[in-house]
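Student: As they're listed, the protein sequences go chains Z and Y.
Heads up: the first sequence at position 38 corresponds to 38 in my numbering, and the numbers run straight through without jumps.
Each position in the second sequence, counted from 1, maps to that position plus 1000 in my numbering.
Beta carbons: idealized from backbone N, C-alpha and C, even for Gly.
What you are looking at is a predicted structure, and each value in this text was computed from that prediction instead of being measured.
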Amino acid sequence: MRAPPSPPGPDRHRALAALDGAIALLVVILIAQMWVLGASLESYLAGHRDSALVGAITSAVLFAGSFGLFLFIRRLDRPAR
Amino acid sequence: MTTPLWRDEVSIRSADERYVSRRQLGKFLVLTSLGMLAGNTWLLIKAGLRGAAARLAPARIAAPGEPARGAVALFTYPEPEDRCLLVRTPDGQLHAFSQKCTHLSCAVVYSAARDRLECPCHDGVFSVRTGAVLAGPPPRPLPRIAVEERADGVYAIGVEDGDDGDPSDDGDRG
């Protein structure tokens, strides 16, 4: 049986706005990660092997950021529902 | 304002549905981010493996004194399908490079008259001393094969990525 939805209110609207912001940030992080992967690949193919390490570290930091945002979304989502 | 009858009949709360779709979108974005990280990690592993492969076992590729000055010998290194060429320039120095053009993988040839490596497919030109691109569409220098002249012959001892070295030492750019 489906739980009754929580009534709309200012808290809920704030939560929705925060969710939108978090998702927008996730998209920005993802675009940055795509660029990092593309640049690393191009650099690797050009024979610069050192850039692979820098690319991997940057990508890991960006992934940590996106995972943190995802946890934030989950945490925000639970009480609001 | 009264609620339309269909809203009472159909129990869909649009805000709730948006909540779920946002959470799912977030999950999808994080998984894609993980995919990007996997791609970068794969590149890192590949770069590490290539670094390890650069330390290859020496292989005898020519008899002592071969090739003659201004001549070329073909060999394969490090794998049988990796075709390479060994050039002894008129000044007596040995240089070896992968024969695969970095543009579209045509076989490059040595032009003794111009003392340079040329790709006949799209007129790519490489320095015979450094492997650097002198002219044409190739985006990268030719990978250099490290060679060593020993008493019993010429040995290939490793593969070096083509560096962007100064082609001016060749003096025939263009």
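On the three-state DSSP scale, how would you describe Y:Tyr1077?
Tutor: Here residue 1077 of chain Y refers to the residue found at position 77 when the second sequence is read from its first residue. Y:Tyr1077 falls in the coil class under three-state DSSP.
Student: With 16 other CB atoms within 10 Å as the buried threshold, where does Z:Thr107 fall?
Tutor: Because chain Z in this structure spans residues 1 to 81, residue 107 of chain Z falls outside the shown range and cannot be described.
Student: Just to confirm before moving on: does the CB-CB distance between Y:Arg1088 and Y:Arg1069 stay below 9 Å?
Tutor: In the second sequence, residue 1088 of chain Y corresponds to position 88, counting from 1. In the second sequence, residue 1069 of chain Y corresponds to position 69, counting from 1. Contact flag set, yes.
Student: If you count every other CB in all the chains shown that lies within 10 Å of the CB of Y:Glu1149, and 16 or more means buried, which is it?
Tutor: Counting from one through the second sequence, the residue named residue 1149 of chain Y turns up at place 149. Per the 10 Å Cβ criterion, exposed.
Student: Who are the neighbours of Y:Lys1027 on chain Z, taking C-beta pairs under 8 Å?
Tutor: Position 27 of the second sequence, counting from 1, holds the residue named residue 1027 of chain Y. Chain Z residues near Y:Lys1027: Phe70.
Student: Can you give me, in chain order, the residues of the stretch 44-71 of chain Z that have a beta carbon less than 9 Å from any beta carbon in chain Y?
Tutor: Per Cβ criterion, the list reads Tyr44, Leu45, Ala46, Gly47, His48, Arg49, Asp50, Ser51, Ala52, Leu53, Gly55, Ala56, Ile57, Thr58, Ser59, Ala60, Leu62, Phe63, Gly65, Ser66, Phe67, Leu69, Phe70.
Student: Closest Cβ-Cβ distance between Y:Arg1088 and chain Z: below 9 Å?
Tutor: Here the question's residue 1088 of chain Y lines up with position 88 in the second sequence. By this cut-off, Y:Arg1088 is not an interface position.
Student: Candidates Y:Ile1045, Y:Tyr1110, Y:Thr1002: which alpha carbon is nearest Y:Pro1067's?
Tutor: Along the second sequence, one-based indexing puts residue 1067 of chain Y at 67. Comparing Cα-Cα distances from Y:Pro1067 to each of Y:Ile1045, Y:Tyr1110, Y:Thr1002, the minimum goes to Y:Tyr1110.
Student: Is there a Cβ from chain Y that is less than 9 Å from the Cβ of Z:Ile20?
Tutor: The residue you call residue 20 of chain Z lines up with position 20 of the first sequence. Sequence check: residue 20 of chain Z is Asp here, not Ile. Closer than 9 Å to some Cβ of chain Y, the Cβ of Z:Asp20 qualifies, so yes.
Student: Suppose contacts are defined by Cβ-Cβ distances below 9 Å. Is Y:Arg1140 in contact with Z:Leu45 by that definition?
Tutor: Taking the second sequence and counting its residues from 1, the one referred to as residue 1140 of chain Y is at position 140. Taking the first sequence and counting its residues from 1, the one referred to as residue 45 of chain Z is at position 45. Yes.
Student: If we cut at 9 Å on Cβ distances, does Z:Arg14 have a partner in chain Y?
Tutor: Position 14 of the first sequence, counting from 1, holds the residue named residue 14 of chain Z. Chain Y, which has no Cβ nearer than 9 Å to the Cβ of Z:Arg14, makes this no.
Student: Quick one, are the C-beta atoms of Y:Ile1061 and Y:Val1147 less than 9 Å apart?
Tutor: As a first step, residue 1061 of chain Y must be located in the second sequence, where it is residue number 61. As a first step, residue 1147 of chain Y must be located in the second sequence, where it is residue number 147. Taking 9 Å as the Cβ cut-off, Y:Ile1061 and Y:Val1147 qualify as a contacting pair.
Student: Helix, strand or coil for Y:Arg1060, going by three-state DSSP, please let me know.
Tutor: As a working note, residue 1060 of chain Y is residue 60 in the second sequence. The answer is strand: DSSP assigns Y:Arg1060 an E or B state.
Student: Cβ of Y:Ser1033 less than 9 Å from any chain Z Cβ?
Tutor: One-based indexing of the second sequence puts residue 1033 of chain Y at position 33. Yes, because at least one Cβ of chain Z sits closer than 9 Å to the Cβ of Y:Ser1033.
Student: In this structure, does DSSP put Y:Val1109 in helix, strand or coil?
Tutor: Walking along the second sequence from the start, residue 1109 of chain Y turns up at place 109. Here Y:Val1109 sits in strand by DSSP.
Student: Less than 8 Å between the CB atoms is what I'm expecting for Z:Arg12 and Y:Ala1047, so what's the real figure, rounded?
Tutor: Stepping through the first sequence from its first residue, residue 12 of chain Z is reached at position 12. Stepping through the second sequence from its first residue, residue 1047 of chain Y is reached at position 47. The Cβ separation is near 48 Å, so there is no contact.
Student: Distance check for Y:Thr1032 and Z:Ala80, CA to CA, integer angstroms please.
Tutor: Residue mapping note: residue 80 of chain Z aligns to position 80 of the first sequence, counting from 1. Residue mapping note: residue 1032 of chain Y aligns to position 32 of the second sequence, counting from 1. Low per-residue confidence applies at Z:Ala80: pLDDT is 49, beneath 50, and the placement is therefore not dependable, though the value from the model is reported in the following sentence. In a straight line, the C-alpha of Z:Ala80 is about 26 Å away from that of Y:Thr1032.
Student: Could you give the DSSP three-state label for Z:Arg12: helix, strand or coil?
Tutor: Here residue 12 of chain Z refers to the residue found at position 12 of the first sequence. Of the three classes helix, strand and coil, the one that applies to Z:Arg12 here is helix, per DSSP.
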